[in-house]
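Adding 578 to a residue's 1-based position in the sequence shown gives its number in this note's numbering.
For glycine and all other residues, C-beta sits at the position ideal for the given N, C-alpha and C.
A quick write-up on the structure given underneath.
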Amino acid sequence: TSITTSQTSDYTIPTYTGIEEIFLIDSGASISVFLPAAATVGSGYKYQIKNVSSTYTLTIDGNAGETIDGATTYALNAQFMSVTLVTNGSNWFII
579 TSITTSQTSD YTIPTYTGIE EIFLIDSGAS ISVFLPAAAT VGSGYKYQIK NVSSTYTLTI
639 DGNAGETIDG ATTYALNAQF MSVTLVTNGS NWFII
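As structure tokens, then:
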């Protein structure tokens, strides 16, 4: 599934169908993108997230205390910067 969205405020990823989703986010402000709970989406689920904005930062935030490669957030601070995340059902990992 590929989703292109324009956002001017924080965004919570609402979907987790199939095994992988792609988000192309063009923000009108620096925003946080909140991941669903790793346990809810299930082990092996993948998100690809790309910052399309030429000006603003997307900060990806794990659900509650979940981490992304051991950190609580991960910033996409340049245009066209992207990250692929996969979960083990407890936390998120960059691949």
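Residue i to residue j span [Cα, whole Å]
i, j, result
"residue 609", "residue 632", "13 Å"
"residue 666", "residue 606", "32 Å"
"residue 620", "residue 650", "19 Å"
"residue 603", "residue 643", "24 Å"
"residue 580", "residue 658", "16 Å"
"residue 673", "residue 594", "18 Å"
"residue 585", "residue 656", "16 Å"
Buried or exposed (CB count within 10 angstroms, at least 16 for buried), residue i
i, result
"residue 616", "buried"
"residue 591", "buried"
"residue 627", "buried"
"residue 638", "buried"
Where residue i sits in the DSSP three-state scheme
i, result
"residue 617", "helix"
"residue 588", "coil"
"residue 647", "coil"
"residue 594", "coil"
Whole-number beta carbon distance between residue j and residue i, since they are thought to touch under 8 Å
i, j, result
"residue 640", "residue 613", "5 Å"
"residue 670", "residue 645", "7 Å"
"residue 664", "residue 624", "5 Å"
**Asked** Where are the alpha helix (DSSP H) runs, 4 residues long or more, that stay fully inside the region 619-644, in chain order?
**Response** List check, alpha helix (DSSP H) in window: nothing returned.
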